[in-house]
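A.B. asks:
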Amino acid sequence: MQRNTYSTGTAWEPRVGYSRAVRVGPYISVSGTTATDASGQVVGEGDVYAQTAQALRNIQAALEALGGRMEHVIRTRMYVMDISLWGDVGRAHGEVFGTIRPATSMVEVSRLIDPVMLVEIEADAIIPD
2 MQRNTYSTGT
12 AWEPRVGYSR
22 AVRVGPYISV
32 SGTTATDASG
42 QVVGEGDVYA
52 QTAQALRNIQ
62 AALEALGGRM
72 EHVIRTRMYV
82 MDISLWGDVG
92 RAHGEVFGTI
102 RPATSMVEVS
112 RLIDPVMLVE
122 IEADAIIPD
């Protein structure tokens with residue numbers, strides 16, 4: 002099967018050796034995605050809802066670059082710095098996936114790569130024939 006990758010062009014990708022997203026056949030896996038803008042700056046500092054919404058927009062861009070759409074997402078994984086804020090994270094996730102309803106998980110982690118980041122999200126999608 003053909004393998005296609007999508008890169009955002011950040012310095013992290015070649016340094017760590019990963020792609021923002023990879024498509025093999027009908028499957029797309031999107032790497033852990035945070036709330037950064039096109040210049041790599043964190044959006045929504047101190048606001049987990051705003052960061053979740055931005056991370057989901059970044060996931061959408063990665064999916065679309067590889068021929069996918071949000072409605073193709075079958076699973077998300079959310080890593081949060083403070084699980085007590087799950088309602089705000091869930092609200093942003095629900096606004097995007099309310100009718101799609103992928104399988105998901107949300108876990109609290111002790112740290113993300115940048116202390117300003119409050120949430121990181123992974124996504125898996127299957128493109129229908």
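In this text, residue positions in the sequence shown follow the working numbering: the first is 2, and each later residue adds one.
Think of the CB as a built atom: it goes at the ideal place given N, C-alpha and C, for glycine as much as any other residue.
Here the structure is a predicted model, which means the values were calculated and not measured.
Note down the Cα distance separating residue 111 from residue 81, rounded to an integer number of angstroms.
C.D. replies: Between residue 111 and residue 81, the C-alpha separation is close to 9 Å.
A.B. asks: Within this structure, are the beta carbons of residue 37 and residue 31 separated by less than 8 Å?
C.D. replies: Contact flag unset, no.
A.B. asks: Distance, Cα to Cα, residue 119 vs residue 4?
C.D. replies: Roughly 31 Å between the two C-alpha positions.
A.B. asks: Can you give the beta carbon distance from residue 7 to residue 16, rounded, assuming they're within the 8 Å contact cut?
C.D. replies: The Cβ separation is near 17 Å, so there is no contact.
A.B. asks: Assign residue 125 to one of three DSSP states: helix, strand, or coil.
C.D. replies: Reduced to three states, the DSSP call for residue 125 is strand.
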